[in-house]
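One structure is given below, encoded as structure tokens.
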Amino acid sequence: MIRFPWKVVGLAAGPLLLAMSAPAHALGILDAYALALEKDPTYQAALKEKQAGDENEKIGRAGLLPQVSLSYQNAPRNWQTQKYQQSDIFGRVSDVTKRQQYRSYAGSVTLTQALFDYEAYARYKAGIAQTLVSDERYRGKLFDLAVRVISAYVEVAYAKDQIALAVAQKNAYQEQLALNDRLLAAGEGTVTDLSETQARYSLAVAQEIEARDALDSAQRDLEVIIGVPLEQLDGLQILKPGKFNVVPLSPSKFEDWQKLALKNNPELAASRHGVEAAKYDVERNRAGFMPQVQLYASHSENDSSSDNTINQKYRTDSIGLRVSMSLYSGGGLRPRRVRRRPAMVRRCMRWMRRWGQRLMICVSNTICVSAAALSWRPTNWR
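Residues -26 to -1, 1 to 356 (mature numbering (1 follows the signal peptide of the UniProt record, and there is no 0)) make up the sequence shown, in order.
Structure follows, in structure tokens:
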């Protein structure tokens, strides 16, 4: 079972934290992340899926451990009617009916331990692989949660900046519109200038409305993640203005990032474990053609447990080996299953290769974006 290092939170949020002021009452990125760990429905679903997946290994292991069974039956009242023919000393045959009432009980305890059970072994190995699949998916959702929190947080801050920009433009055009009115009234302006300014003012008003809609949408997205309405909070921490330092990638080569991605990507790792689980599923079906060997030990006590042992008590202890093997099961059920499972393995392998190709495209795009960001230097940054 994977224990995910929580320091990834700091690694994911670190660059953004450097750009923030820190009023004690405002919601910070780590506060939002802490709330998301408790409230985000997507992450909570992944957590429950992981908890359910952890049981696969335990369920598979149960088939390899000793099994103990108890059986007990107690019948205080039993009635038996026996009819038979009886001959006397003269050879005459007569029908005789005998009735009796008796008490009976039977109890047994049996311990079995699998010595060779390939189906149980394959089920156990498949359970381990399925547990690892759920662990890797959970790890991916945890990474995704950090990205979604930061993205939603930044979207809210960006939407507020867009509103401020739109309001500033609207106020500037409003002043320009008043100036054009005065110039036109004084005979120094033109109708064309007035109409052009009016159009720009209307566009600024529309941009403000659009920015406020974007802010509302961004706030709703953040509220879904953190599970708390922003109206109940004292606002978000303000992003500090100024230069944003782009940190170069380390390592810088595509080949190095390719190796890291192929080794550590959660979705790709989950696909690999899924292929392994599918392979053991194939082996589990092939086990139907193999014998099963069990060691067993039993203890039983019986009193009048059958019609032939009335008023007789037995105590039996036994230990030995039990071998069972299917010789014929309908002529096609298991072979069909065995032929069907390899197709599922191939499907999982193709899905894994497809995800690996998509991952390499994402890595390449990320490196290109990083290189472009490092080479871009706005002239107004100081």
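All C-beta atoms in this analysis are idealised placements derived from N, C-alpha and C, irrespective of residue type, glycine included. Everything numeric in this text was worked out from a predicted model, so none of it was measured.
*According to the neighbour-count rule (16 or more other Cβ atoms, all chains shown, within 10 Å of its Cβ), is Asp291 buried or exposed?*
With a 10 Å radius around the Cβ and a threshold of 16 neighbouring Cβ atoms, Asp291 comes out exposed.
*Where Pro240 falls, given that 16 or more other Cβ within 10 Å makes a residue buried*: buried
*Under the DSSP definition of a beta bridge, which residues are partnered with Leu269?*
Among the bridge pairs identified by DSSP, Leu269 is matched with Gln87, Leu295.
*Using alpha carbons as the reference points, say which of Gln87, Glu257, Pro15 lies closest to Leu199.*
Looking at the sequence itself, residue 199 is Ile, so the reference to Leu does not match. For the residues Gln87, Glu257, Pro15, the minimum Cα distance to Ile199 belongs to Pro15.
*Spell out the partners DSSP gives Tyr46 in its beta bridges.*
As DSSP reads the structure, Tyr46 sits in a beta bridge with Gly81.
_Applying the 10 Å Cβ sphere with the 16-neighbour rule, what's the burial state of Trp325?_
exposed
*Which residue or residues does DSSP assign as beta-bridge partners of Ser61?*
Val67
*With Glu182 and Ile124 assumed to form a contact (beta carbons below 8 Å), what rounded beta-carbon distance in angstroms separates them?*
About 26 Å separates the beta carbon of Glu182 from that of Ile124, a gap too long to meet the 8 Å contact definition.
*asked:* Here's a check: name, in chain order, each residue in its chain whose Cβ is nearer than 6 Å to the Cβ of Gln87, leaving out the five neighbours to either side.
replied: Pro40, Leu269
*C-alpha gap between Leu(-16) and Val249, whole angstroms*: For Leu(-16), the predicted model reports a pLDDT of 38, less than 50, meaning its position is unreliable; a value from the coordinates is still stated below. Approximately 31 Å between the Cα atoms of the pair.
*Can you check the region 119 to 151 for any beta strand (DSSP E) of at least 3 residues that lies completely inside it and give the ranges in chain order?*
If we require 3 residues or more, the region 119 to 151 turns out to have no beta strand (DSSP E) run fully inside it.
_the region 30 to 46 in contact with the region 82 to 101 per 3-pair CB rule at 8 Å_ = Inter-segment contact for the region 30 to 46 and the region 82 to 101 is present: three or more beta-carbon pairs are separated by less than 8 Å.
*Going by DSSP, which residues form a beta bridge with Tyr288?*
Asn276
*CB contact flag (Leu189, Ala133, <7 Å)*: Yes, they are a contact pair.
*Leaving aside the five residues before and after Ala346 along the sequence, list all residues of the same chain whose C-beta is less than 8 Å from its C-beta, in chain order.*
No residues qualify anywhere along the chain.
*Alpha carbon to alpha carbon, what distance is there between Leu301 and Glu93?*
16 Å
_Assigned exposure category for Asn154 - 16 Cβ within 10 Å defines buried_ = buried
*asked:* So, with DSSP's three-state summary, where would you put Leu39?
replied: coil
*Measuring alpha carbon to alpha carbon, tell me which of Pro50, Arg97, Gln56 ends up nearest Ser78.*
Pro50
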